[in-house]
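Below: the structure, in structure tokens.
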Amino acid sequence: MAIIGASGGIGSALADLAEARGAEVLRVSRPGIDLDRPESLEEAAAAAGDGLSHVIVAAGLLHRDGHGPERGWHELDHDWMVETFRVNSVLPALAARAFLPRLRRGERAVFAALSARVGSIADNRLGGWHSYRASKAALNQLVRTLAVELARRNPQAIIAALHPGPVDTGMSKPFQRNVPAGQLFTPAVAAGHLWRVIDGLDRSDSGGFFAWDGAPIPW
Ligand SMILES: NC(=O)c1ccc[n+]([C@@H]2O[C@H](COP(=O)([O-])OP(=O)(O)OC[C@H]3O[C@@H](n4cnc5c(N)ncnc54)[C@H](OP(=O)(O)O)[C@@H]3O)[C@@H](O)[C@H]2O)c1
Numbered sequence: 253m254a255i256i257g258a259s260g261g262i263g264s265a266l267a268d269l270a271e272a273r274g275a276e277v278l279r280v281s282r283p284g285i286d287l288d289r290p291e292s293l294e295e296a297a298a299a300a301g302d303g304l305s306h307v308i309v310a311a312g313l314l315h316r317d318g319h320g321p322e323r324g325w326h327e328l329d330h331d332w333m334v335e336t337f338r339v340n341s342v343l344p345a346l347a348a349r350a351f352l353p354r355l356r357r358g359e360r361a362v363f364a365a366l367s368a369r370v371g372s373i374a375d376n377r378l379g380g381w382h383s384y385r386a387s388k389a390a391l392n393q394l395v396r397t398l399a400v401e402l403a404r405r406n407p408q409a410i411i412a413a414l415h416p417g418p419v420d421t422g423m424s425k426p427f428q429r430n431v432p433a434g435q436l437f438t439p440a441v442a443a444g445h446l447w448r449v450i451d452g453l454d455r456s457d458s459g460g461f462f463a464w465d466g467a468p469i470p471w
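This note's numbering puts the sequence shown at residues 253 to 471.
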């Protein structure tokens, strides 16, 4: 299997748990993948080879270098928006282009992309975080679109968007005061939740959006 964004808090925990269960994991992250060199995704997929049981995209961007999620429309910024969409929407799409053809055929295989509940349009009552929300909504639409094509090309394969819940990583650090006490998962606990959801997905779930407890999330 391959985990893209394996240097991150959740990505590394997903890889650790998979290895503890005996899987062979190719950990993919920068500088091995570089969005300034889109072909780097193809190179990573070639290194992973064919017949993959699982591909997980755990890369994502919420804040970096003093830039954070917008609190209002006055904070919308061209370069930050583009960078957020590049990491949260374009990277998973390029990963799909490179890795979906390498999923094993004739038996169950899963491509999962970590999305976020705030990408749900139906669930958006608070506003704010414009770029992150919109880039995850775009990711969700990509997953749905890819699922239609995947069903034709590799009927045993499944693609899904997953929400890990609030997880104690560098990404969530500045925002953890908003998480009710006792509801912040360690990366190891979150990885256990996510593997349980991934293991439970069947073909009828392909193209869906699921939370850490397996519950479907409205678009
Ligand atoms: N933590 C949460 O509470 C939470 C909640 C909902 C959804 N999620 C989603 O879960 C996923 C994992 O989040 P996390 O908490 O594990 O975040 P994290 O610890 O910040 O890890 C982010 C990962 O994304 C990679 N990445 C960022 N920018 C990149 C770029 N330009 N090119 C390639 N890789 C890049 C990072 O690589 P580098 O190490 O090279 O920077 C790292 O591997 C994300 O999609 C996030 O949106 C997280």
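Think of the CB as a built atom: it goes at the ideal place given N, C-alpha and C, for glycine as much as any other residue.
Alpha carbons only, please: which of the options is nearest the one belonging to residue i?
i	options	result
Ala265	Arg289, Asp302, Gly301, Ala310	Ala310
Thr397	Phe427, Ala345, Arg356	Ala345
Val441	Ala267, Trp471, Met253	Ala267
Ile469	Asp375, Leu343, Asp454	Asp375
Arg385	His330, Ala275, Arg369, Asp454	Arg369
Leu313	Gly260, Val395, Phe363	Gly260
Gly452	Ile411, Gly263, Asn430	Ile411
Ala409	Leu269, Gly444, Phe351, Arg338	Phe351
Lys388	Val362, Asn430, Phe363, Arg338	Arg338
Ile256	Arg360, Asp317, Ala364	Ala364
Glu359	Trp464, Phe461, Arg455	Arg455
Cβ of residue i within 8 Å of any heavy atom in ligand 1?
i	result
Ile411	no
Ser305	no
Gly379	no
Ile469	no
Met477	The structure shown does not extend to residue 477, since the chain spans only 253 to 471, so no value can be given for it.
Val419	yes
Gly263	yes
Is the beta carbon of residue i within less than 8 Å of some heavy atom of ligand 3?
i	result
Ser383	In the structure on display, ligand 3 does not appear, and the ligands it does have are ligand 1.
For the stretch 396-410 and the stretch 425-441, state whether three or more C-beta atom pairs, one from each stretch, are separated by less than 8 Å.
With the cut-off at 8 Å, the stretch 396-410 and the stretch 425-441 do not touch.
Entirely enclosed alpha helix (DSSP H) segments - the stretch 267-326, minimum 4 residues:
291-300
At least 3 beta-carbon pairs within less than 8 Å: the stretch 316-324 vs the stretch 268-284
no
Ignoring anything shorter than 3 residues or poking outside the stretch 366-432, list the beta strand (DSSP E) runs there in chain order.
409-415
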